[in-house]
Amino acid sequence: MSRHSFSLRRSNSFRPRKTLGQHFLKDPRMIHRILAAADFRSSSTVLEVGAGLGALTFPLAGLVRQVIAVEKDETLAKKLRADLSREGIENVTILQEDILKLDLTRTCEETIEVIGNIPYNISSPLIERLILSRSQIPRAILTLQHELAERLTASPGNRQYGALTVLIQFHARLSTLLEIPKEAFYPKPKVSSTVVQFDFSRPYPRRPEHEKFFKRVVRAAFAHRRKTLFNSLRGTFPSWEAQTILNALAQSAIDPQRRAETLSIDDFLNLTRALASFLDKSDFE
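Sequential numbering of the sequence shown, starting at 4, is according to the numbering used here.
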């Protein structure tokens, strides 16, 4: 725990930047629980998003073969590099980069896993980038704002269930690992956080013939949340004949009066397949 304490002692000497959404983990018990839940293999290469003061970096370095720690803040990156060198830790590479601009597939030639305490303002775009890199990133352990975690892990019928939920769960199996109270961070945020595991090696078992069209249908269905599914699709795709949409819904055994948040991933897959069978190829490619 000495290395861990070493990094935390410096939290009071650094003023967090609100523009970067900086909130640093400071509770040793929570840090231990996160790493225990992540259960990385000793042979793993782990990319850490937002290394900050090194609260996760230091203990993580003692658990895995290599850590690639990405930190956008130049001051923090220099400080962390110096602290690691002072402690004689040689299996950590510090990249002073914006994670949203970093080419994840070129950062490491081998398979990597991801961990990080993610600022709310970059959570969704980061997850989208992880999805695009999923062939090289089988798993990610992300600490997210509680409300976002609820949205991502929601089930059909839940008010949090939306297009983002469907598209994320289509690409990865999600599981909630633990809840983290506000008091575990410095400075204390306004809301609590949740650690979510994204297992990209276990996507939804059914795959659509036209994946881009599937995503368009999902987004269109949720484009007008207060409208029925039929009206939402009709409003988003005015060039489609109303009867075509009704026929596709009937073929999918979906009531046109239902709303998008009641549909499962299977429902959306069935609807996409039915719509594709009624439309010209040019309408969905």
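All C-beta atoms in this analysis are idealised placements derived from N, C-alpha and C, irrespective of residue type, glycine included.
Checklist entry - Taking 7 Å as the cut-off, does the CB of H174 come closer than this to any heavy atom belonging to the ligand FAD? => result In the structure on display, the ligand FAD does not appear, and there are no ligands present to speak of.
Checklist entry - By the 10 Å Cβ neighbour count, where 16 or more other Cβ atoms means buried, how is V95 classified, buried or exposed? => result If you number the sequence shown from 1, residue 95 lands on position 92. It counts as buried.
Checklist entry - Taking the continuous alpha helix (DSSP H) assigned at F216, which residues delimit it? => result As a position in the sequence shown, residue 216 is number 213, starting the count at 1. Counting along the chain, the alpha helix (DSSP H) containing F216 begins and ends at E214 to A224.
Item to check | Reduced DSSP secondary structure (H/G/I, E/B, other) of Y123 | outcome: By one-based count along the sequence shown, residue 123 stands at place 120. Looking at Y123 - three-state DSSP - the assignment turns out to be helix.
Item to check | Supposed contact pair A54 and I34 - C-beta distance, whole angstroms, cut 8 Å | outcome: Sequence index remark: in the sequence shown, residue 34 carries index 31 (1-based). Sequence index remark: in the sequence shown, residue 54 carries index 51 (1-based). Actually they are not in contact, since the Cβ atoms of I34 and A54 sit about 13 Å apart, beyond 8 Å.
Item to check | Reference S126; option with closest CA among V198, Y189 and A157 | outcome: Walking along the sequence shown from the start, residue 126 turns up at place 123. When each option's Cα is compared against that of S126, the closest is V198.
Checklist entry - Is the Cβ-Cβ distance between R68 and S46 less than 8 Å? => result Working through the sequence shown from its first residue, we reach residue 68 at position 65. Working through the sequence shown from its first residue, we reach residue 46 at position 43. For R68 and S46, yes; Cβs fall inside 8 Å.
Item to check | Separation of L278 from I115, as counted between CA atoms | outcome: By one-based count along the sequence shown, residue 115 stands at place 112. By one-based count along the sequence shown, residue 278 stands at place 275. In a straight line, the C-alpha of I115 is about 38 Å away from that of L278.
Next on the checklist: On the criterion of 16 or more Cβ atoms from any shown chain inside 10 Å, does S10 qualify as buried, or is it exposed?
Outcome noted: The residue labelled residue 10 in the question sits at position 7 within the sequence shown. Its pLDDT being 48, under 50, S10 is placed unreliably by the model, and nothing is read from it.
Checklist entry - Does DSSP put F203 in a helix, in a strand, or in coil? => result Counting from one through the sequence shown, the residue named residue 203 turns up at place 200. Of the three classes helix, strand and coil, the one that applies to F203 here is coil, per DSSP.
Next on the checklist: Given this structure, state the Cα-to-Cα distance separating G83 from L56, to the nearest angstrom.
Outcome noted: As a working note, residue 83 is residue 80 in the sequence shown. As a working note, residue 56 is residue 53 in the sequence shown. The displayed chain sequence assigns Leu, not Gly, to residue 83. If you take the alpha carbons of L83 and L56, they lie about 6 Å apart.
Checklist entry - Around the Cβ of A263, are there at least 16 other Cβ atoms within 10 angstroms (buried) or fewer (exposed)? => result For this step, residue 263 is matched to residue 260 along the sequence shown. The residue in question, A263, is buried, as its Cβ has 16 or more Cβ neighbours within 10 Å.
Item to check | Limits of the alpha helix (DSSP H) - the one that V169 falls within | outcome: Along the sequence shown, one-based indexing puts residue 169 at 166. Start and end: A166 to H174.
Checklist entry - What did DSSP end up calling R209 once you bin it into helix, strand or coil? => result For the purposes of this step, residue 209 is taken as residue 206 along the sequence shown, with counting starting at 1. Correct three-state label for R209: coil.
Checklist entry - Quick one, which of L98, T247, Y123 and R44 has its alpha-carbon nearest L151's? => result As a position in the sequence shown, residue 151 is number 148, starting the count at 1. When only C-alpha atoms are compared, the closest one is Y123.
Next on the checklist: Are the CB atoms of V52 and V117 within a distance shorter than 8 Å?
Outcome noted: In the sequence shown, counting from the first residue as 1, residue 117 sits at position 114. In the sequence shown, counting from the first residue as 1, residue 52 sits at position 49. Against a cut-off of 8 Å, the Cβ pair of V52 and V117 comes out as a contact.
Next on the checklist: So, at 7 Å on beta carbons, what are the nonlocal neighbours of S196 in its own chain, with the 5 sequence-adjacent residues on each side left out?
Outcome noted: Walking along the sequence shown from the start, residue 196 turns up at place 193. T146, L147, Q148, H149 and I183.
Checklist entry - What are the residues that DSSP puts in a beta bridge with Q148? => result Working through the sequence shown from its first residue, we reach residue 148 at position 145. Beta-bridge pairing links Q148 to S196.
Checklist entry - What number of angstroms, rounded off, separates the C-alpha of F225 from the C-alpha of S285? => result Within the sequence shown, residue 225 is the residue found at index 222, counting from 1. Within the sequence shown, residue 285 is the residue found at index 282, counting from 1. Going by the C-alpha atoms only, they are around 23 Å apart.
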